[in-house]
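One structure below.
Number of protein chains: 2
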Amino acid sequence: MTTIQDVAKQAGVGAATVSRVLSGKGYVKQETRERVTRAIEALNYTPNEMARNLFHGKSGIVAVIIPELSHPFFSELVNAFEVSLCEVGYQTMVCNTFYEKNYELRYLEMLRRQRVDGIIFGAHTSLASEQYQSLQRPVVGLDRKLAETVPYVAADHEEGGRLAAEELIRSGCRNVVQFGEVEDSVITPSSQRHFVFRKVVEAHGITCASYPKQPNYSAYNTYQESAARLFEEHPDVDGIFGTDLYAAACLQYALAHGIRVPEDVKIVAYDGTYITKFLHPEMTTICQPIRQLANEAVRMITEMINVNEIKENKVILPISIRRGNTTT
Amino acid sequence: MTTIQDVAKQAGVGAATVSRVLSGKGYVKQETRERVTRAIEALNYTPNEMARNLFHGKSGIVAVIIPELSHPFFSELVNAFEVSLCEVGYQTMVCNTFYEKNYELRYLEMLRRQRVDGIIFGAHTSLASEQYQSLQRPVVGLDRKLAETVPYVAADHEEGGRLAAEELIRSGCRNVVQFGEVEDSVITPSSQRHFVFRKVVEAHGITCASYPKQPNYSAYNTYQESAARLFEEHPDVDGIFGTDLYAAACLQYALAHGIRVPEDVKIVAYDGTYITKFLHPEMTTICQPIRQLANEAVRMITEMINVNEIKENKVILPISIRRGNTTT
Numbered sequence: 001m002t003t004i005q006d007v008a009k010q011a012g013v014g015a016a017t018v019s020r021v022l023s024g025k026g027y028v029k030q031e032t033r034e035r036v037t038r039a040i041e042a043l044n045y046t047p048n049e050m051a052r053n054l055f056h057g058k059s060g061i062v063a064v065i066i067p068e069l070s071h072p073f074f075s076e077l078v079n080a081f082e083v084s085l086c087e088v089g090y091q092t093m094v095c096n097t098f099y100e101k102n103y104e105l106r107y108l109e110m111l112r113r114q115r116v117d118g119i120i121f122g123a124h125t126s127l128a129s130e131q132y133q134s135l136q137r138p139v140v141g142l143d144r145k146l147a148e149t150v151p152y153v154a155a156d157h158e159e160g161g162r163l164a165a166e167e168l169i170r171s172g173c174r175n176v177v178q179f180g181e182v183e184d185s186v187i188t189p190s191s192q193r194h195f196v197f198r199k200v201v202e203a204h205g206i207t208c209a210s211y212p213k214q215p216n217y218s219a220y221n222t223y224q225e226s227a228a229r230l231f232e233e234h235p236d237v238d239g240i241f242g243t244d245l246y247a248a249a250c251l252q253y254a255l256a257h258g259i260r261v262p263e264d265v266k267i268v269a270y271d272g273t274y275i276t277k278f279l280h281p282e283m284t285t286i287c288q289p290i291r292q293l294a295n296e297a298v299r300m301i302t303e304m305i306n307v308n309e310i311k312e313n314k315v316i317l318p319i320s321i322r323r324g325n326t327t328t
Numbered sequence: 001m002t003t004i005q006d007v008a009k010q011a012g013v014g015a016a017t018v019s020r021v022l023s024g025k026g027y028v029k030q031e032t033r034e035r036v037t038r039a040i041e042a043l044n045y046t047p048n049e050m051a052r053n054l055f056h057g058k059s060g061i062v063a064v065i066i067p068e069l070s071h072p073f074f075s076e077l078v079n080a081f082e083v084s085l086c087e088v089g090y091q092t093m094v095c096n097t098f099y100e101k102n103y104e105l106r107y108l109e110m111l112r113r114q115r116v117d118g119i120i121f122g123a124h125t126s127l128a129s130e131q132y133q134s135l136q137r138p139v140v141g142l143d144r145k146l147a148e149t150v151p152y153v154a155a156d157h158e159e160g161g162r163l164a165a166e167e168l169i170r171s172g173c174r175n176v177v178q179f180g181e182v183e184d185s186v187i188t189p190s191s192q193r194h195f196v197f198r199k200v201v202e203a204h205g206i207t208c209a210s211y212p213k214q215p216n217y218s219a220y221n222t223y224q225e226s227a228a229r230l231f232e233e234h235p236d237v238d239g240i241f242g243t244d245l246y247a248a249a250c251l252q253y254a255l256a257h258g259i260r261v262p263e264d265v266k267i268v269a270y271d272g273t274y275i276t277k278f279l280h281p282e283m284t285t286i287c288q289p290i291r292q293l294a295n296e297a298v299r300m301i302t303e304m305i306n307v308n309e310i311k312e313n314k315v316i317l318p319i320s321i322r323r324g325n326t327t328t
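Quick mapping for you: the protein sequence lines, in order, are chains G and W.
Per this note's numbering, the first sequence runs over residues 1 to 328.
Per this note's numbering, the second sequence runs over residues 1 to 328.
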């Protein structure tokens, strides 16, 4: 079988260069890149990790179960998963559950019959964890604690809630509103941010109202409706905390109704997906470490696939704030 | 094997209700939905189409090859693919090529070794079509004409370019700029819109400048840089045409620099993804029929998988304009 050395030799470069070209990591001159690509084509080379998977009778497929791919957070996340899995020779299967338990169930049945090597679970539904154990496949939770025995990775959402609260306190808010708990059956690590947010602002004598999130991502008008309802029911609101799309909808409503941001209302978004970078004023946002979440989950799932066990049962990643102009 | 009738009987509903629950199509009372879900769990039922696939020795997997999942157009599109494929019992494998020919090559090698039943190809790279034929798998092009023998589906981009041009003409623009051809080796059906746009505006004595698109989706600052460059090099611009993210970046730049939209500059976006709905003023946009694109491509690929041939060699879908407040 063709090796990476054969390709390097044919292209007249080092093996490291070939692997940089294959992984897309690190700089490679366009001209060199093309020479390597031609060598790969000429020798019909297959990357090693994949060859290894096939050699060990693995399918080389990892399934990623999420609520909805068209949501900016999950599209950036699955994008990162695909890159990270590809680098270790795995292909990514996407499964949207749309908050429907029976969709999740259907996928589990599909996965039971597919030769999927592992499952990364980030949906908002929650079948009994036995359902997952019955698959007898490695499972890693993404922001989901399925069971004591199922390891998971999540951002430090408590810190995220604290950072958001402190930003609105620093900006002098007195009456804040947050878009809080998801209306579904699961309490996720990410829900924690809302409890912390409330605790911190109330400790500063700030009133805090909470709206539930609508678990229906792609019906985008629900975000605009929620924003309108917030401003109608809380004319005195001077601080808002919600995920990127709620924050964007509130900013849009404010600007459309002569409410100045940040003078009259401060807004802090949560997730930090690209949409927050395209708004004016630019959105202050708590940024989830999307790439690292994907890399860690992939490291964990491949470890479980390869050695069938894993040391840590959870990995919590640091979270940060990116200041825009929706706070002062 | 358990049939849909067994599930219906156990749940005390009709088979149609069970299939509504499974497909997520049509209304089903929550209480009924739960009863059906419990029956499915109790009987360990597997949807028919999937059983059929497995029975016929198919993998039940279709690969979707695109440039980048985190781009709003492709995230909404792959989301629609996943739904549409799931309804006919297929699972979706995502492959990001990131405009890298060697990534595409790597995927083809992976797919050659995977039991993938079909491939939907929407990347912007372009290996020789022989590479695809050598896979001996059904392939459907998405906005890509790989070869005479490879059928494809696309939106009516010529009409899209015309609609955008007429909107800016109607709004009284005299100096327009468009973000035009992608800097890659492929001429895609979607490139046509730029030629038509130029032809139509110039026929009305309007000057039209073109900037190339940067084929680097997720480096979001390139959009802002392109917008800044446009306004610096064309201080007299009064009409802009570009994909959603270019349009959003131009709107953001204008608002940040005291340029009024639509009074001083009119903007028409292309694609119509959700981001255009969260801006203020709301963006006028040409909307691609994303769901229909996915449904048609899935219909074509499943037809090719099942009967190994297909009548039409291309399907062009109608495109429409959604007027916001960035034009007059």
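For each residue, glycine too, the CB sits at the ideal point set by N, CA and C.
In this text, all values refer to a predicted model and were calculated from it rather than measured experimentally.
Round the Cβ separation of residue i and residue j to the nearest angstrom and send it over; I've been treating them as touching at under 8 Å.
i	j	result
Ile61 (chain W)	Val116 (chain W)	5 Å
Glu68 (chain G)	Phe74 (chain G)	6 Å
Glu167 (chain W)	Ile321 (chain W)	6 Å
His124 (chain G)	Tyr103 (chain G)	Between Tyr103 (chain G) and His124 (chain G) the Cβ distance is about 11 Å, and since that is not below 8 Å, they are no contact.
Leu317 (chain W)	Glu296 (chain W)	7 Å
Ala15 (chain W)	Gln5 (chain W)	6 Å
Asp236 (chain G)	Asp264 (chain G)	Going by Cβ atoms, the distance from Asp236 (chain G) to Asp264 (chain G) rounds to 10 Å, so no, they are not a contact pair.
Val18 (chain G)	Ala8 (chain G)	5 Å
Would you verify that the beta carbon of residue i is, or is not, closer than 8 Å to some beta carbon of chain G?
i	result
Met93 (chain W)	yes
Phe179 (chain W)	no
Thr243 (chain W)	no
Lys9 (chain W)	no
Leu142 (chain W)	no
Arg20 (chain W)	no
Ser320 (chain W)	no
Phe55 (chain W)	Legend: pLDDT at Phe55 (chain W) = 49, less than 50; position of this residue unreliable, value from coordinates given subsequently. No, Phe55 (chain W) does not count as interfacial toward chain G.
Ala16 (chain W)	no
Tyr211 (chain W)	no
Thr37 (chain W)	yes
Val150 (chain W)	no
Val83 (chain W)	yes
Ile275 (chain W)	yes
Val78 (chain W)	yes
Leu135 (chain W)	no
Ser226 (chain W)	no
With DSSP as the reference, identify every bridge partner of residue i, one or two as the case may be.
i	result
Asp236 (chain W)	In the DSSP output, where bridge partners are listed per residue, Asp236 (chain W) has none listed.
Phe241 (chain W)	W:Gln178, W:Val268
Cys95 (chain G)	G:Ile65
Ile120 (chain W)	W:Val64, W:Val140
Leu317 (chain W)	W:Ala155
Thr207 (chain G)	G:Asn175
Cys287 (chain W)	W:Asp271, W:Ser320
Would residue i and residue j be called neighbours here (beta carbons separated by less than 8 Å)?
i	j	result
Ile40 (chain W)	Leu146 (chain G)	no
Phe197 (chain G)	Gly161 (chain G)	yes
Asp143 (chain W)	Thr188 (chain W)	yes
Gln91 (chain W)	Gln114 (chain G)	yes
Ile259 (chain G)	Ala155 (chain G)	no
His234 (chain G)	Val315 (chain G)	no
Met93 (chain W)	Met110 (chain G)	no
Ser226 (chain W)	Phe179 (chain W)	yes
Leu108 (chain G)	Gln131 (chain G)	yes
Would you say residue i faces chain W, with C-beta separation under 8 Å as the test?
i	result
Leu279 (chain G)	yes
Asn313 (chain G)	no
Ile40 (chain G)	yes
Leu69 (chain G)	yes
Ala269 (chain G)	no
Met110 (chain G)	yes
Asn295 (chain G)	no
Glu87 (chain G)	no
Gln30 (chain G)	no
Using a Cβ-based criterion (distance less than 7 Å to any ligand heavy atom), does residue i qualify as near the ligand HEM?
i	result
Pro262 (chain W)	By its list of ligands, the structure shown contains no ligand whatsoever, and the ligand HEM lies outside what it can speak to.
- Determine contact between the segment 281-291 of chain G and the segment 261-273 of chain G, defined as no fewer than three beta-carbon pairs at a distance below 8 Å. yes
- Task: Would you be able to state if there are at least three C-beta pairs under 8 Å between the segment 238-254 of chain W and the segment 131-150 of chain W?
- Result: no
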